[in-house]
Amino acid sequence: MEFVWQSGEGIAFEADCPVCADSGPHRPVLVIPGAGPGQTDWTIVQCPSCESRFSTDRRGADYTPEAHPDGPLLEFYLEQNAGIRPMLEPLGWAEAGPGRRMLEIGGGFGFASDFVQVSLGWTAKGYDPSGLAALGRSYLGLDIVLDYWTEETPLAEPFDVAYASEVIEHIPEPSGFLASVRRAVGETGVAVLTTPNGAALNPNTTPGILAPIATPGLHLTLFSAMGLERALRSTGFRHVRVEERGDTLHALASNAELPAKRQLDSQLYRNYLCQRADTPGLAPVLLSGLRYRLFKELVNAGESAAALTQFVLIADDIRRRFGLDVSRSAALRPLKDYGDAQEWLRHYPAHLAGLLYYRAILANNLEADPVAAVRYTAAAILAGRGLRLALQNAGMDDGETERLSAHAIILNLVATACAGGDTAPLLAAVERGNPATGLLIPAEARRSLRRFLRRDLRAMGHPDMLWRVGMTNIVGDEVTLLAAPLCQDFVVDKIGAWEAIATASDAAAVLDTFRAIWCMPGADTAPASIRHARKLILIRLVQLGAFQEADDLFDGWDSPDLADDEPVATALAIVAEARQR
Ligand SMILES: [Zn+2]
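The sequence shown begins at 874 in the numbering used here and counts up by one.
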């Protein structure tokens, strides 16, 4: 998918803004060539009044299963892509209790409905004509009517909550949709909406985030926070609250006072995942997705033992379903590339990148096994790359995997340094790599790699490793360099500079090495490393018989405590003896 940003000077689109009805002129901000229906160019314009973005093609898609005979990438959705936690965040204020009723509009599989029923004791009713909704009805046993919710849909009594997550951006006429939501909640109920934040549609947003926001052909209106608030108020809601949550807008609207803001209770969410995963007879792909999300939550909550237990269950399942052994880092191997998403998902679980990344965190933090962390992160990044390449071929992408890969490359380098390996070749390759190819890591993450690496090494109590970063400039292909630890005969590379000192053939070569080390960026912030380098240099000079140079250097450094180290003391004794002769 190619994003062609417009200077805002193109031909104005003659129509009223679907959000605020302003007549414009609405100038193009983005064109995605050939991505619209029938390979037409998909053009997005911006309203000068409410700053919402909207497509010039207002036809909208048909969401009935007849229009999608191939069905969705179900494994991708259930195992990884369905953001269950983000879906539930806007319901964080909701209290448990019987008798409460929620309407879920366009909920697809229906995870939010399932959550309020399982964890809050509410009853939920869904309206969604899609194939995904039919699957949710059967897999989760939900009450979903396979039809659109409209202003004409019969309503016996208003609902306590009408919830529509990532729906309104699909609707050709949002005002009619909002009126139907307003009707559903009556005078006391609360409307809960989420939708992509139109402000995130800009050239600084990474492709993994941008592609799902733009979604040509399906996303017709990308509201600004201001636009969504205005639209809700003009629908007749007296109380409206719109929050920008990064790339997403959360909106609550009601005629009654709005509930106080409250985050989703993480324990409640974990309990939901546990309860659901324990349901007998769940479809394997659904079970696998629930367990992965639980595993991730447990790692993030620091519940490491419980997390490892979940990982064992997931690894067993992956061995059975895919014949792939992820239970031990030593068993990991480079993955095969499959250009087609369906094909990729036949060979690997959709959550493989995330699973391996969170497992690497446990290896690093809990098991203090940096070599395992190197291997798990390497496999995670390569899995994420493979999945994203396949998705990109289908005009899709995955922001979560993009984000995980950027974090995983930092952890990979930190763990490599902690294992005594040389971070420089991979670091140099990733810093100079192309964001659109190779490991598919965004430009901003590549630029800030060194900064985060320093911060992490410092935080982990490894200040002496800071300066190892960037000691050599061997540039290679980032994919090959990253895959190296997954090849069977992998051994940790020796630190280049230490090797250079140990193998220098004369005193001049030793001194050159030391000058190069001292000039490295960050050397002044790494006293322990400099101390270690001095020790090696003294020893090497003495081995080469360069006693005068060794003596001069030691005097010049003015750090007599260096002699507390036994090998240094021995070297200095040899120097002293030589001078007496
Ligand atoms: Zn507008």
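For each residue, glycine too, the CB sits at the ideal point set by N, CA and C. Bear in mind the structure is a predicted one, so any value in this text is a computation, not a measurement.
_Backbone secondary structure at I917 - three-state DSSP_ = To locate residue 917, count along the sequence shown from 1; it is residue 44. DSSP places I917 in strand when its eight states are reduced to three.
*Go ahead and label T1094 buried or exposed: buried means 16 or more other beta carbons lie within 10 angstroms of its beta carbon, across all protein chains shown.*
By 1-based counting over the sequence shown, the position of residue 1094 is 221. So T1094 counts as buried.
*Is G1071 buried or exposed, if buried means 16 or more other CB atoms sit within 10 Å of its CB?*
Here residue 1071 corresponds to residue number 198 of the sequence shown, with the count starting at 1. By the 10 Å Cβ count, G1071 comes out buried.
*Residues of its chain near W915, where Cβ-Cβ distance is below 6 Å and the 5 sequence neighbours each way are ignored*: Residue mapping note: residue 915 aligns to position 42 of the sequence shown, counting from 1. Cβ neighbours of W915 beyond the five flanking positions: I905, A908, G909, P1089.
*Quick one: residues in its chain with C-beta nearer than 6 Å to the C-beta of D1242, no 5 flanking neighbours on either side, listed in chain order?*
Position 369 of the sequence shown, counting from 1, holds the residue named residue 1242. So the list reads A1236, once near-sequence residues are dropped.
*Can you list, in chain order, the residues of its chain whose CB lies under 6 Å from that of D1385, leaving out five sequence neighbours each side?*
Numbered from 1 along the sequence shown, position 512 holds the residue referred to as residue 1385. Cβ within range, chain order: n/a, list empty.
*Whose CA, out of E1060, P1315, L1091, R1010, lies closest to the CA of H1043?*
The count along the sequence shown starts at 1 and reaches residue 1043 at position 170. Of the residues E1060, P1315, L1091, R1010, the one whose Cα lies closest to the Cα of H1043 is L1091.
*Is any heavy atom of ligand 1 found at a distance shorter than 7 Å from the C-beta of V892?*
Here residue 892 is taken as the residue at index 19 of the sequence shown, counted from 1. V892 Cβ: within cutoff of ligand 1.
_I need the boundaries of the beta strand (DSSP E) containing G999, first residue and last residue._
As a position in the sequence shown, residue 999 is number 126, starting the count at 1. Under the DSSP assignment, G999 falls in the beta strand (DSSP E) whose first and last residues are 996-1000.
*asked:* At a cut-off of 7 Å, would you count G881 as near ligand 1, judging by its Cβ distance to the nearest heavy atom?
replied: By one-based count along the sequence shown, residue 881 stands at place 8. The answer is no for G881.
_Assumed close pair L946, L1322 - CB separation to whole angstroms, cut-off 8 Å_ = Here residue 946 refers to the residue found at position 73 of the sequence shown. Here residue 1322 refers to the residue found at position 449 of the sequence shown. Contact flag wrong, Cβ pair sits at about 31 Å.
*Can you tell me which of the three DSSP states A1064 falls into?*
The sequence position of residue 1064 within the sequence shown is 191, counting from 1. Looking at A1064 - three-state DSSP - the assignment turns out to be strand.
*asked:* So the candidates are G1162, A1444, I1041, I1374; which of them puts its Cα closest to the Cα of G956?
replied: By one-based count along the sequence shown, residue 956 stands at place 83. Ranking the options by Cα distance to G956, first place goes to G1162.
*Where A1214 and Y950 are concerned, what is the direct C-alpha to C-alpha distance, given to the nearest angstrom?*
Residue mapping note: residue 1214 aligns to position 341 of the sequence shown, counting from 1. Residue mapping note: residue 950 aligns to position 77 of the sequence shown, counting from 1. Using only the alpha carbons, I get a separation of about 12 Å.
_DSSP three-state assignment for F1363, whether helix, strand or coil_ = Translated into the one-based positions of the sequence shown, residue 1363 becomes position 490. At F1363, the pLDDT of 49 sits below 50, so the modelled position is not reliable; the number obtained from the coordinates is stated separately. In the structure shown, F1363 sits in coil (DSSP, three-state: anything other than H, G, I, E or B).
*Rounded to the nearest angstrom, how far is the Cβ of W1022 from that of Y1000, given a contact under 8 Å?*
Counting from 1 along the sequence shown, the entry for residue 1022 is found at position 149. Counting from 1 along the sequence shown, the entry for residue 1000 is found at position 127. That belief holds up - the Cβ atoms of W1022 and Y1000 are roughly 4 Å apart, short of 8 Å.
*Does the Cβ of S1107 lie closer than 7 Å to at least one heavy atom of ligand 1?*
On the sequence shown, residue 1107 is found 234 positions in, with the first residue counted as 1. No, the beta carbon of S1107 sits no closer than 7 Å to any heavy atom of ligand 1.
_Cβ contact check for the stretch 1122-1129 and the stretch 1096-1109: 3 or more pairs under 8 Å_ = yes
*DSSP on L1197, reduced to helix/strand/coil?*
Residue 1197 sits at position 324 when you count from the first residue of the sequence shown. In the structure shown, L1197 adopts coil according to DSSP, grouped into three states.
*For T1456, does the three-state DSSP call read helix, strand or coil?*
Given a span of 874 to 1454 for the chain in the structure shown, any question on residue 1456 remains unanswerable.
*Would you check whether ligand 1 has a heavy atom nearer than 7 Å to the C-beta of D935?*
Position 62 of the sequence shown, counted from the start, is the residue given in the question as residue 935. Incorrect: D935 has no Cβ contact closer than 7 Å to ligand 1.
*Residue nearest to N1075 in terms of C-alpha spacing, selected from P1153, I1374, A1087*: Taking the sequence shown and counting its residues from 1, the one referred to as residue 1075 is at position 202. That would be A1087, whose Cα lies nearest to the Cα of N1075.
*Since T1061 and A1129 are thought to touch, with beta carbons under 8 Å apart, how far apart are those beta carbons, to the nearest angstrom?*
In the sequence shown, residue 1061 corresponds to position 188, counting from 1. In the sequence shown, residue 1129 corresponds to position 256, counting from 1. Correct: roughly 5 Å between the Cβ atoms.
*Let me know the secondary structure DSSP gives M1099 once reduced to three states.*
Counted from its first residue, the sequence shown places residue 1099 at position 226. DSSP places M1099 in helix when its eight states are reduced to three.
*Apart from the five residues on each side of it in sequence, which residues of its chain come closer than 7 Å, Cβ to Cβ, to R1248?*
By 1-based counting over the sequence shown, the position of residue 1248 is 375. Taken in chain order, the residues that qualify are S1202, L1205, P1358, L1359.
*asked:* Counting C-beta neighbours from all protein chains within 10 Å, is the total for F988 16 or more, i.e. buried, or is it exposed?
replied: Position 115 of the sequence shown holds residue 988. By the 10 Å Cβ count, F988 comes out buried.
*Cβ-based burial, R931 [other Cβ within 10 Å; buried from 16]*: Along the sequence shown, one-based indexing puts residue 931 at 58. R931 comes out exposed.
_Cβ contact (3+ pairs, closer than 8 Å) linking the stretch 1290-1303 and the stretch 1261-1279_ = no
*Looking at R1413 and A1377, is the spacing between their C-beta atoms short of 8 Å?*
Looking up residue 1377 in the sequence shown gives position 504. Looking up residue 1413 in the sequence shown gives position 540. Closer than 8 Å, so yes.
*Please check the pair F927 and C890, which I expect to be a contact at CB under 8 Å, by giving their CB distance rounded to whole angstroms.*
Here the question's residue 927 lines up with position 54 in the sequence shown. Here the question's residue 890 lines up with position 17 in the sequence shown. Contact flag correct, Cβ pair sits at about 7 Å.
_Proximity test, D930 beta-carbon vs ligand 1 heavy atom, cut-off 7 Å_ = On the sequence shown, residue 930 is found 57 positions in, with the first residue counted as 1. Checking every heavy atom of ligand 1 against the Cβ of D930, none is found closer than 7 Å.
*Which whole runs of the alpha helix (DSSP H) in the stretch 1260-1334 are 4 residues long or more, in chain order?*
1272-1291, 1297-1305, 1316-1320, 1322-1332
*Which residues mark the beginning and the end of the alpha helix (DSSP H) in which R1056 is found?*
Position 183 of the sequence shown, counted from the first residue, corresponds to residue 1056. It spans 1047-1058 - the alpha helix (DSSP H) in which R1056 sits, taken as one unbroken run.
*Rounded to the nearest angstrom, how far is the Cβ of V1113 from that of A1098, given a contact under 8 Å?*
Position 240 of the sequence shown, counted from the start, is the residue given in the question as residue 1113. Position 225 of the sequence shown, counted from the start, is the residue given in the question as residue 1098. A1098 and V1113 do not touch by the CB rule: their CB atoms are close to 11 Å apart, not below 8 Å.
*Can you tell me which of the three DSSP states S880 falls into?*
Counted from its first residue, the sequence shown places residue 880 at position 7. In the three-state DSSP reduction, S880 falls in the coil class, being neither helix nor strand.
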